[in-house]
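A.B. asks: Residue numbers for the sequence shown, in the numbering used here: 13 to 83.
We put the beta carbon where it would ideally sit given N, CA and C, even for glycine.
Predicted, not measured: the structure shown is a model, and the values here were computed from it.
Structure in structure tokens, see below.
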Amino acid sequence: MEFTKDEIARFNSKFLKCEKEKCWEWTGAIFKRSDYGMFCITPRNRGNRKTYSAHRVSWMIHFGTDIPNGL
């Protein structure tokens with residue numbers, strides 16, 4: 013999946029980098045059942061918004077590719 017510059021900027025605005033603890037704190041929406049971060053994107057080939065786990069979106073943005081099957 014490819015992300016636009018606006019989507020990446022919006023994603024990056026949803027966390028705080030804690031330099032002392034070396035962690036990134038998610039400040040965006042979370043799934044109520046799991047407490048995992050979530051991020052919504054409207055795919056360009058479809059009109060419906062899709063919700064992804066924030067850690068999966070982070071992986072895709074930073075590695076520039078979809079997550080391989082089985083990973």
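How long is the line joining the alpha carbons of G49 and A66, rounded to whole angstroms?
C.D. replies: Position 37 of the sequence shown holds residue 49. Position 54 of the sequence shown holds residue 66. Going by the C-alpha atoms only, they are around 5 Å apart.
A.B. asks: Helix or strand or just coil, what does DSSP make of K32?
C.D. replies: The residue labelled residue 32 in the question sits at position 20 within the sequence shown. Three-state result, K32: coil.
A.B. asks: Looking at the structure shown, is S1 part of a helix, part of a strand, or coil, going by DSSP?
C.D. replies: There is simply no residue 1 to check, as the chain begins at 13 and stops at 83 in what is shown.
A.B. asks: By how many angstroms is the C-alpha of N60 removed from the C-alpha of D30?
C.D. replies: Taking the first residue of the sequence shown as 1, we reach residue 30 at position 18. Taking the first residue of the sequence shown as 1, we reach residue 60 at position 48. Note that residue 30 is Cys in the sequence shown, not Asp. Cα-Cα distance, rounded: 34 Å.
A.B. asks: What residue range is occupied by the uninterrupted beta strand (DSSP E) comprising I53?
C.D. replies: Stepping through the sequence shown from its first residue, residue 53 is reached at position 41. Element bounds for I53: 50-53.
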